[in-house]
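Structure, as structure tokens:
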Amino acid sequence: MAHAQDQILTPPPSNTIVPEKVRDGVDLEINGRAYRHTGDAQMPLLWYLRDVLRLTGTKYSGEHGQGGYDLVLVDGKLASATHMTVAELAGKSITTVEGLAAADGKLHPLQQAFVDEDAIGCGYCTPGWLMASLDLLNRHPQAGDNEIDQLPNLCRCGCQTRVRRAIKRVANGAHA
Amino acid sequence: MSVGNQNTVQLSRRRFLQVLAGTAGALVVGIRVAGAADVPVPPALLGDTLYGLGAYVRIDADGNVIIGARDPDTGTGTATSLPRIIADELDADWTRVSVVPLGLGVDDDNGKPHWTYGHQTSGLGDSIPAAWADLREAGALARWLLLQAAARHLGVPADRLRCEEGNVIAPDGRRFGYGSLAEAAATIAPPTSPVAVKTPDRYTLIGQPAGDVDARTIVTGQALYALDHYAGDALVAVLSHCPWPDGSVDSLDTTDTMAVKGVVKVVQLKPEAGIPLGQTVRAPAVAVVAENTWAALQGRAKLKLQWKAGSQSESSAWFEQQASDLVNDKNAVPAARVRNDGDVDTASKKAARRVEATYVQPWLAHATAEPMNCLVRLDKDSATLVVPTQAPQQAWKVVQRLAGLTPTQIQIRVPRVGGGYGRRLDHDYVAEAVMLAKEVEKPVKLMWTRDEDLGQDYYRSACVHKFSATLDGKRQIVTWNQRMASASALAQRGVADNRLWTSEVDAHQLPAGLVPNLRSDWYSLPSAMLRGPARGMPHLSNAFAVESFIDEIAHSLKEDPLVTRLRLIGEPRMIPLGDGRTLDTGRLINVLKLVAERIGWKNWLRTVNGFGIACWHIDGAYVAHAVETSLQGDRLNIERAVCAVDVGRVINPTGLEGQVAGATLDALSTALNLSISYKDSQVQQHNWKEYPLASMAQLPDTTEVIVVPGDRDPTGASFLGMPTAAPALANAVFRVSAVRVRRLPLMKELLRML
């Protein structure tokens, strides 16, 4: 008995358990997973995604974020990753192009429609088109030409008419 | 045909196939290009160490097929179309084929580079023609070897066997997968002469539609462009370039920059003396090198940097005025008389009718989606780069000059490229990255910001065309006089003075061959603005001017412009144009009639909407556009755009449609909105707002592409859909608004004239 008592009273070796320090940082959710950014909180989301997390599907647009290559969804709303700092996104839920397909690899209907319509030029602008189209269909499930005309994306390869077909394919399919 | 050794088949003096047994029972067939081009020695005698294998097709024991794509894919679809040329000859099952982008292929030929894969350039419109001449035999040989292996196994003659979708099929119907035959096939001696390629009736993939092989990785965000590559410890560099290529740093204070957390170093770069444009730094630059992109960008914003102006102070308004003066100055001496058929001066004296017009087109930028960038890791005896280039062999030369090293010590990887349009035939950004990596002694990931990309480009020169045509009493065009002034894209690039015109105007362009007296003069303008190769050059500007002017002639005759064109072209016939070029008027008429019929041209006169049409030919390919526009107040709508192309044999109809539709929209976007302007040699466009590619709303809802079936050897199509879109649009705008747009960009001019 005495022996067992001694064991219980002996404190654990001090070097095996260290209480975790409080870490400063910004918590955010990206594609359903929790992240904490402990670096410069003023870093734009774009560079956090690309340089830190290596989620490179969101592309560089320009210092002014025009062009639509950098679009993501923040709490379901379309946003430019260039214009938002990590600090501003504390507690928010972000969806990037990497988060569109299902866990088993099944493509989102929009992704499948882009593949089926070959709505791809060089492909650099494609993630941005997908995010903007998703946002459009969330707001207008039966989006027609007038709604599609409002998309902000730019593409020099000229994929626009094929993108239009892809969006219509989903918009019509959803209500067929 | 001589045989190099038992594992090679000679295709021509310089090219031969090589068969290898790969690991784990794989069959590998590649094409190699002999290095010592002018040495008439059988390849076998030169020794294998001189050559690497251009690994084009590999059949694994499990039946999977891997095909290398040698040309960079900048959105041109070659990663899909080139492998399908090989896969068809192989009778492969396309669903089992994976395509691997081949990086630069280079061997060491006594210290000199030898390009393993031969052709390896994108965007010049010659990827498919080169592949057609080059790649089919590799697939044919692999199929032949698999057939022989099956024949030995079955003990029946090979000619009683056939191939279908990755199987050899025996006379009794039994099927043998290629994978099961690969190991045996690799041991069979190739035939002594090349295996005949298929006859067209046996094509299974060529001519059938196929989506982009990279589509899935692109839509899931997994496709890695060069800018998406990181080498663990690479530092990120961003630049600020001097507006004047011959300017210099006046003052530089880096205190605030160095105070930014993560900034490592500020480095100054300068163009090397005596190196042609595009192979060294574009202009003096200050680079901020940091641990991540955000730190580098902040550091650049905090530079206290003043540039000292260079020797030139030029404005785009001045340049355009000079160009206009030149084409109007009867005493000006052309830099080149590009074409001179008949006797324009004498024949024009008897004219019943004279038509004249002048067209002004602005400076343009490349505006690729993915900005210039380069990842480089330099070690003592190696250099590894990831480069978004259209011409990896040219990139290699830049790296070798700056880093030394032997040919095979330099590795260049070329992932899918975010747009090229000619910008990436230059490698100034590669030179910058290598210089920076040497300076900081660490791997460097260089990224041009958007403002640098638009404001520090190698631009397309503005140009002015002046035409004067005379017609006889029968309304036939008797003389055609074209005077064009521009700054050559080839200047300062080691091109002889008497060839500078070749980037500006085509000696065989319309209406050459159709008008008995035709003169085309090119006037050279100097400019301090740097220029370089651009998509569609020189056809884009010339087709706009020529095809607009033909409409003006039709208007002066009060004639349907389609009728005027058909009268000008005349009967279907072959017209030699010189330099081995021929104009097949039948094919030109065909594309014109196809777009006219599709758009409903018979309503040309009656409709309230405006119809416009234009046609062109480039190196044996034919194209026409018809465009329908409407006008609501000052809002121009492009209702429809129809394009017909005749490229000979079509490899991938889906890819071709994408290229033609895309080129149509690119050309419309450019014509509607885009121009680069500059004052005091400083470009005024730095972002997408100032260089506004057309929005979805501005462009037509559909692009209707008509592909003419053909059996001639295929021509390239990457820019074929561009030249006729803008003139068809301007001609349609004239019908709907009565405004003849003679100056681009069109929207600005239309709003000014309405």
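Note that the protein sequences, when read in sequence, are chains A and B.
Here the working numbering is used: position 100 in the first sequence is 100, and no number is missing along the way.
Here the working numbering is used: position 691 in the second sequence is 867, and no number is missing along the way.
Note that the Cβ used here is the ideal one computed from N, Cα and C, for glycine as well.
Taking the beta carbon of aspartate 390 of chain B as reference, the chain A residues within 7 Å of it are Gly123, listed in sequence order. With its beta carbon at least 8 Å from every one in chain A, proline 419 of chain B lies outside the interface.
With a cutoff of 8 Å on beta-carbon distance, valine 681 of chain B and methionine 705 of chain B are scored as not near each other. The beta carbons of leucine 759 of chain B and isoleucine 751 of chain B sit about 4 Å from each other, so the pair counts as a contact at 8 Å. Residue contact with chain B for tyrosine 69 of chain A: present (Cβ-Cβ distance below 8 Å to some residue of chain B).
Within the region 108–119 of chain A, those residues whose Cβ lies closer than 7 Å to any Cβ of chain B are, in chain order, Gln111, Phe114, Val115 and Asp118. Identification of chain A residues near arginine 626 of chain B by a Cβ-Cβ cut-off of 9 Å yields Tyr60, Ser61, Gly62, Glu63, His64, Gln66 and Gly67, ordered along the chain.
Cβ atoms of lysine 480 of chain B and aspartate 432 of chain B come within 8 Å of each other, at about 7 Å.
The DSSP-derived three-state label of leucine 403 of chain B is helix. In the three-state reduction of the DSSP assignment, asparagine 813 of chain B falls in the strand class, which pools E and B.
With contact defined as three or more Cβ pairs closer than 8 Å, the region 487–494 of chain B and the region 853–860 of chain B are in contact. Near chain B, meaning a CB-to-CB distance below 9 Å, the residues of the region 35–49 of chain A are Gly39, Asp40, Gln42, Met43, Pro44, Leu46, Trp47 and Tyr48. Contact annotation: in the region 392–413 of chain B, residues whose CB is within less than 9 Å of a CB in chain A are Arg392, Thr393, Ile394, Val395, Thr396, Gly397, Gln398, Ala399, Leu400, Tyr401, Leu403, Asp404, His405, Tyr406 and Val412. Proximity of the region 276–285 of chain B to the region 237–257 of chain B meets the contact definition, three or more beta-carbon pairs being nearer than 8 Å. Tyrosine 635 of chain B is bridged by DSSP to B:Arg707.
Taking 8 Å as the threshold, the shortest C-beta distance from valine 97 of chain A to chain B falls below it. Secondary structure within the region 781–854 of chain B: the beta strand (DSSP E) runs of 3 or more consecutive residues, fully enclosed, are 786–794, 797–808 and 811–822 (chain order). According to the DSSP assignment, arginine 36 of chain A belongs to the beta strand (DSSP E) that extends over 33–37.
Nearest C-alpha to glutamine 142 of chain A among A:Ile120, A:Tyr48, A:Lys168 and A:Cys125: A:Lys168. Residues of chain B whose Cβ lies closer than 8 Å to the Cβ of threonine 82 of chain A do not exist, since the nearest Cβ in that chain is about 10 Å away. In the pairwise beta carbon analysis, the region 86–95 of chain A is classified as touching the region 38–45 of chain A: at least three pairs are separated by under 8 Å. Annotation for serine 257 of chain B: Ile304, Ile827, Asn828 and Gly831 place their beta carbon closer than 7 Å to its own, counting only its chain and skipping 5 residues before and after. Among the residues facing chain A, methionine 713 of chain B is not included, as its CB has no counterpart in that chain under 8 Å away. Excluding sequence positions up to five before and after threonine 900 of chain B, its CB lies within less than 7 Å of the CB of Ala719, Glu723, Ala790, Cys791, Trp792, Val799, Ala800 and His801, all in the same chain and listed in chain order. Proximity of chain B to isoleucine 148 of chain A at the Cβ level (cut-off 7 Å) is accounted for by Met872, in chain order. In its chain, beyond the 5 residues on either side, Leu742, Ile745 and Pro748 have a beta carbon closer than 7 Å to the beta carbon of isoleucine 765 of chain B. Closest in C-alpha terms to aspartate 284 of chain B, from the list B:Gln576, B:Tyr699, B:Ala667 and B:Arg825, comes B:Gln576. With a cut-off of 8 Å on Cβ pairs, the region 315–326 of chain B is in contact with the region 361–368 of chain B, counting three or more such pairs. Of the candidates B:Thr250, B:Ala893, B:Trp270 and B:Lys769, B:Thr250 places its Cα closest to the Cα of serine 298 of chain B. In this structure, DSSP gives arginine 916 of chain B a state outside helix and strand, which the three-state scheme calls coil. Under the rule that a run must span 3 or more residues, the beta strand (DSSP E) segments found entirely inside the region 230–267 of chain B read 231–235 and 241–245.
In the DSSP annotation of this structure, the continuous segment of the beta strand (DSSP E) that includes tryptophan 698 of chain B starts and ends at 693–700. Taken through DSSP and simplified to helix, strand or coil, lysine 642 of chain B comes out as strand. For the 8 Å CB-CB criterion, proline 44 of chain A and tryptophan 572 of chain B do not form a contact. Glutamate 880 of chain B is classed as buried because its beta carbon has at least 16 other beta carbons within 10 Å across all chains shown. Valine 115 of chain A and glycine 253 of chain B have their C-alpha atoms spaced approximately 14 Å apart.
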